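Numbering (the numbering used here), first residue to last: -7 to 182. Have a look at the structure below before the remarks.
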């Protein structure tokens, strides 16, 4: 498994890198917090990103947000910070596993496995949420188009829907495409 190690505590980087290698991971790069982190992630394509920080401040959280927005990956954060508010911010920023105090080689595999599982679950939930939001948006547009047809043609809701379905089938389009066309035409005609 390919690990990108981000460390804002250079004194400890050797310790964590050694533990990762001992546990059988490939550390593809060690880095501090840099502006070009998203570009490095795109180039390196790590399986997991591991942050080692004494206290995850604003700069660390901004980097996590950038990484998770543009290049979603499981993120493990090792820190000495116990503050529940900081933990919440880290999780909300996209951290998959927040580990306080100590790196034990024997636990690394389990920690990374949990982070990957949580990441996959979060990604699936995000995808489902986006799909539901898209469905809702499409349904609203179809309802709006039906309303426009009902008003223009003086027909019932069922008749408007049937007209839209027929048009979609005859033009080999999706119902939402027909709805968008009706809405656009209505806006054009005023």
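Idealized CB from N, CA, C, for every residue including glycine. In this text, all values refer to a predicted model and were calculated from it rather than measured experimentally.
- For residue 23, the enclosing beta strand (DSSP E) begins and ends at 18 to 23.
- Here residue 37 carries a coil assignment [DSSP, helix/strand/coil].
- Taking residue 103 as the centre and dropping the five residues before and after it, the same chain places the C-beta of 68, 89, 91 closer than 8 Å to its C-beta, in chain order.
- Taking residue 168 as reference, the option from 129, 21, 101, 181 with the minimal CA-CA separation is 129.
- In its chain, beyond the 5 residues on either side, 90 have a beta carbon closer than 7 Å to the beta carbon of residue 83.
- Nearest to residue 87 by alpha-carbon distance, out of 162, 141, 60, 159, is 60.
- Counting only the Cα atoms, residue -2 lies some 18 Å from residue 97.
- In the DSSP assignment, residue 45 is bridged to 71.
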